[in-house]
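Peer 1:
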Amino acid sequence: MRDACAVVGIGHTAYTRGTDRSVVDLHLEASRRALTDAGLQAADVDGIVPSSVADRVVEDFIRNLGIRNLGFSSTPHAGGSSFGMGIQDACMAIHAGVASCVLLPAGRLGYSSWQRASRIAENPNPAMVDMIEFEFPMGNVGPAMWFAQQARRHMHLYGTTSEQLGRLAVTIRRHANLNPQALMYGKTLTLEDHQASRLIVDPFRLFDCSLETDGAAAIVVTSTERAKDLRQPPVLISGVGTAFGYPGTSVTQSEELSELPGIREAGRRAFTMAAATPADIDVIAVHEGFSFFVVACLEALGFCPVGEGGPFVASDEIALGGDLPLNTHGGALSEAHVSGANHVIEIVKQLRGAVEPDRQVEGCETGLVANEGNFGNGAVVVLRRSR
Amino acid sequence: MTGRPMPSPSPLTAGFWEAARHHQLVVQRCSSCGRFRHYPQHLCPYCLDDGWTWAPVRGTGSVYSYAVTHRAFHPAWTDRVPYAVVTVTLDEGVRMVSDLDPRDTARVAVGLPVQVYFEEVAGTDFTLPRFRLVEPVPLPGDD
Numbered sequence: 002m003r004d005a006c007a008v009v010g011i012g013h014t015a016y017t018r019g020t021d022r023s024v025v026d027l028h029l030e031a032s033r034r035a036l037t038d039a040g041l042q043a044a045d046v047d048g049i050v051p052s053s054v055a056d057r058v059v060e061d062f063i064r065n066l067g068i069r070n071l072g073f074s075s076t077p078h079a080g081g082s083s084f085g086m087g088i089q090d091a092c093m094a095i096h097a098g099v100a101s102c103v104l105l106p107a108g109r110l111g112y113s114s115w116q117r118a119s120r121i122a123e124n125p126n127p128a129m130v131d132m133i134e135f136e137f138p139m140g141n142v143g144p145a146m147w148f149a150q151q152a153r154r155h156m157h158l159y160g161t162t163s164e165q166l167g168r169l170a171v172t173i174r175r176h177a178n179l180n181p182q183a184l185m186y187g188k189t190l191t192l193e194d195h196q197a198s199r200l201i202v203d204p205f206r207l208f209d210c211s212l213e214t215d216g217a218a219a220i221v222v223t224s225t226e227r228a229k230d231l232r233q234p235p236v237l238i239s240g241v242g243t244a245f246g247y248p249g250t251s252v253t254q255s256e257e258l259s260e261l262p263g264i265r266e267a268g269r270r271a272f273t274m275a276a277a278t279p280a281d282i283d284v285i286a287v288h289e290g291f292s293f294f295v296v297a298c299l300e301a302l303g304f305c306p307v308g309e310g311g312p313f314v315a316s317d318e319i320a321l322g323g324d325l326p327l328n329t330h331g332g333a334l335s336e337a338h339v340s341g342a343n344h345v346i347e348i349v350k351q352l353r354g355a356v357e358p359d360r361q362v363e364g365c366e367t368g369l370v371a372n373e374g375n376f377g378n379g380a381v382v383v384l385r386r387s388r
Numbered sequence: 003m004t005g006r007p008m009p010s011p012s013p014l015t016a017g018f019w020e021a022a023r024h025h026q027l028v029v030q031r032c033s034s035c036g037r038f039r040h041y042p043q044h045l046c047p048y049c050l051d052d053g054w055t056w057a058p059v060r061g062t063g064s065v066y067s068y069a070v071t072h073r074a075f076h077p078a079w080t081d082r083v084p085y086a087v088v089t090v091t092l093d094e095g096v097r098m099v100s101d102l103d104p105r106d107t108a109r110v111a112v113g114l115p116v117q118v119y120f121e122e123v124a125g126t127d128f129t130l131p132r133f134r135l136v137e138p139v140p141l142p143g144d145d
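Quick mapping for you: the protein sequence lines, in order, are chains A and B. Residue numbers for the first sequence, in our numbering: 2 to 388. Residue numbers for the second sequence, in our numbering: 3 to 145.
(1) Tell me which same chain residues have a C-beta within less than 8 Å of the C-beta of residue 5 of chain A, skipping the five on either side of it?
(2) Quick one: measure Cβ to Cβ for residue 24 of chain A and residue 55 of chain A, integer angstroms, because I've assumed they're closer than 8 Å.
(3) Taking the alpha helix (DSSP H) that residue 33 of chain A belongs to, which residues open and close that run?
(4) Whose CA, out of A:353, A:147, A:69, lies closest to the CA of residue 374 of chain A?
(5) Expressed to the nearest angstrom, what Euclidean distance is found between the alpha-carbon atoms of residue 340 of chain A and residue 61 of chain A?
(6) When you compare the CB of residue 44 of chain B with every CB in chain A, is at least one pair closer than 9 Å?
(7) For residue 13 of chain A, which three-state DSSP category applies?
(8) Can you find a C-beta in chain A that's less than 9 Å from the C-beta of residue 73 of chain B?
(9) Distance check for residue 282 of chain A and residue 325 of chain A, CA to CA, integer angstroms please.
(10) Tell me which residue opens and which closes the beta strand (DSSP E) that residue 102 of chain B is part of.
(11) Does residue 151 of chain B come out as helix, strand or coil in the three-state DSSP assignment?
(12) What does the alpha-carbon distance come out to for the pair residue 15 of chain A and residue 31 of chain A?
(13) Can you round the beta-carbon distance between residue 99 of chain B and residue 86 of chain B to whole angstroms, since I take them to be within the 8 Å contact cut?
(14) Which chain E residues are close to residue 80 of chain B, counting only those with a beta carbon under 9 Å from its beta carbon?
(15) Closer than 7 Å by beta-carbon distance: list the chain B residues that pair up with residue 253 of chain A, in chain order.
(16) Enumerated in chain order, which unbroken segments of the alpha helix (DSSP H) with a length of 4 residues or greater are wholly contained in the segment 188-237 of chain A?
(17) Determine the burial state of residue 232 of chain A: buried for a count of at least 16 other Cβ atoms within 10 Å of its Cβ, exposed for fewer.
(18) Taking Cβ-Cβ distances shorter than 8 Å, what residues in chain A pair up with residue 68 of chain B?
(19) Touch check for the segment 205-220 of chain A and the segment 105-118 of chain A: three-plus C-beta pairs under 8 Å?
(20) Going by alpha carbons, who is nearest to residue 368 of chain A out of A:347, A:200, A:81?
(21) Below 6 Å CB to CB, which residues in the same chain sit around residue 29 of chain A once its five sequence neighbours on both sides are set aside?
(22) Beta strand (DSSP E) containing residue 373 of chain A: first to last residue?
(23) What residues match up with residue 6 of chain A in a beta bridge as DSSP calls it?
(24) Between residue 142 of chain A and chain B, is the shortest Cβ-Cβ distance under 9 Å, so that the two count as touching?
(25) Can the beta-carbon of residue 82 of chain A be found closer than 9 Å to that of residue 343 of chain A?
(26) Please report whether the beta-carbon of residue 36 of chain B lies at a distance below 9 Å from any beta-carbon of chain A.
(27) With a threshold of 8 Å on Cβ separation, who are the neighbours of residue 31 of chain B within its own chain once the five nearest residues in sequence on each side are excluded?
(28) Between residue 47 of chain A and residue 298 of chain A, what straight-line distance do the alpha-carbon atoms span, to the nearest angstrom?
(29) When the Cβ atoms of the segment 13-25 of chain B are set against those of the segment 294-310 of chain A, are three or more pairs found closer than 8 Å?
(30) Tell me where the alpha helix (DSSP H) around residue 151 of chain A begins and ends.
(31) Give, in chain order, every unbroken run of the beta strand (DSSP E) that is at least 3 residues long and sits entirely within the segment 7-66 of chain B.
(32) Look at residue 393 of chain A and residue 221 of chain A and say whether their C-beta atoms are less than 9 Å apart.
(33) Can you have a look at residue 253 of chain A and say buried or exposed, based on whether 16 or more other CB atoms are within 10 angstroms of its CB?
(34) Please check the pair residue 376 of chain A and residue 249 of chain A, which I expect to be a contact at CB under 8 Å, by giving their CB distance rounded to whole angstroms.
(35) Go through its chain and collect everything with a Cβ distance to residue 6 of chain B's Cβ below 7 Å, but skip five positions before and after it.
(36) Determine which residues of the segment 198-223 of chain A have a Cβ less than 9 Å from any Cβ of chain B, and write them out in chain order.
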């Protein structure tokens with residue numbers, strides 16, 4: 002499936018904290034923008050991957066976009082890795098000849114509704130059945146609590162520090178300060194600010210937690226053959242890999258809390274398909290619900306040895322100008338939380354050479370997106386500029 | 003004050019809560035290969051056997067990891083922050099989760115020994131198996 006499909010259209014709404022609009026309305030705006038970007042009509046769409054995280058169903062799009070005889074739809078239920086898993090579904094459907102043009106919209110009312118992550122205990126998803134019974138009564142009721150235990154375990158084993166996570170947050174914020182779309186565009190952050198910010202769940206401080214935002218983003222995927230005739234320079238999906246965590250019932254039941262084997266295996270599969278290695282990656286985006294995810298993802302993907310993610314994310318390697326610029330849009334910590342769709346869009350834009358000159362990674366040929374989801378799931382996509 | 007969220011036991015899990023009501027901690031044990039498992043599930047993931055019994059466990063173990071929350075993500079804990087939630091590895095190998103008594107928040111650490119205790123939740127039929135840090139045995143000369 003290497004290079005068989007391409008991302009040909011991208012679109013998103015404004016990212017805000019507060020909106021009067023519905024999540025369907027936002028998804029439709031992002032979808033129309035992505036189709037316009039691609040130079041395609043709604044009638045060209047024959048596959049749709051709605052977002053389980055946003056509680057969407059395919060009928061939202063069929064009727065609003067007037068699509069008759071839609072040929073393909075799937076809805077991965079994999080938490081934050083659902084969007085990346087949807088990209089794999091889209092490629093499989095296109096490669097198999099079941100669909101030719103697949104639309105993937107995502108994003109939540111992550112600020113203005115019950116879809117706010119900090120209120121997840123009020124509306125848990127079906128994957129949380131064991132947590133509801135055995136952990137919620139014990140007060141383990143928020144994502145920041147669940148994933149703080151991963152970070153704590155890593156700190157215990159390897160001496161990773163809050164200051165290292167702080168330096169990561171500062172680097173990502175500097176990137177957001179160069180991106181007018183980012184919610185934190187005009188707000189600087191220093192290491193002192195990070196270290197003085199309030200504890201949410203120790204070891205996570207306020208600036209270790211992703212933003213809670215309203216907004217949507219969408220991409221359009223077609224075959225590479227078809228992509229050649231479309232408006233934008235195609236960005237090839239060179240490799241895609243997914244893996245579900247074991248046992249997936251709760252963070253606390255993972256075999257080693259400090260590691261992300263789902264990302265490791267998804268990465269291995271994506272790199273194998275793409276015939277690429279970490280050394281080939283010019284720019285990377287990690288969907289970071291919390292700062293620590295970046296540490297664990299970079300280790301799992303082989304960008305640094307296990308245990309050395311702390312010093313790695315605290316270094317300039319991951320800043321613009323470094324060897325592995327990371328979350329050059331500002332990520333979920335500083336641009337917006339759009340279920341990771343904004344991370345895919347950023348890598349596509351980098352490979353098109355279409356971001357603001359200050360944050361363009363020069364000469365970038367290959368990029369990678371990693372999405373962790375629920376309790377150990379992973380999706381990894383390797384994207385390449387078409388030559 | 004809002005109460006803790008209470009479990010809704012299924013036929014698969016009801017025995018766990020029934021045992022807790024009698025102040026006994028149990029986990030599933032495979033009838034074929036003898037391995038312990040938790041959370042409850044139908045098949046043994048090691049040998050795929052569907053026979054199992056509720057096996058009493060000692061209720062002792064150690065802190066595998068923990069987090070101290072300064073924000074209450076559920077109204078039941080509004081008046082109790084900061085509090086620690088620990089993941090415990092029982093001596094039998096399975097993991098369980100518990101919040102600690104607020105008096106233990108400051109001294110929680112990975113590796114500390116813990117022991118189960120049972121808390122009958124007022125106004126409900128439930129008894130929660132919770133864990134506390136085992137008090138270190140004072141050495142001669144300690145204040």
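Ideal Cβ positions, reconstructed from N, Cα and C, are used throughout, including at glycine. On a predicted model such as this, the values are computed, not experimentally measured, just so you know.
Peer 2: The structure says:
(1) 92, 95, 96, 224, 225, 238
(2) 5 Å
(3) 24-39
(4) A:147
(5) 18 Å
(6) no
(7) strand
(8) yes
(9) 7 Å
(10) Where residue 102 of chain B is concerned, there is no enclosing beta strand (DSSP E), given that its DSSP letter is neither H nor E.
(11) Not covered by the structure: residue 151 of chain B. The range shown for chain B is 3 to 145.
(12) 9 Å
(13) About 11 Å separates the two Cβ atoms, so there is no contact after all.
(14) Reference to chain E is not applicable here, since the protein chains of this structure are A and B.
(15) 89, 97, 99
(16) 192-197, 225-228
(17) exposed
(18) 150, 153
(19) yes
(20) A:347
(21) 65
(22) 367-374
(23) A:224, A:238
(24) yes
(25) no
(26) no
(27) 37, 38, 39, 54, 55, 56, 57
(28) 34 Å
(29) no
(30) 144-159
(31) 28-32, 54-58
(32) No information on residue 393 of chain A is available, as it lies outside the stretch 2 to 388 that chain A covers here.
(33) buried
(34) 5 Å
(35) 78, 123
(36) 199, 200, 201, 202, 203, 204, 205
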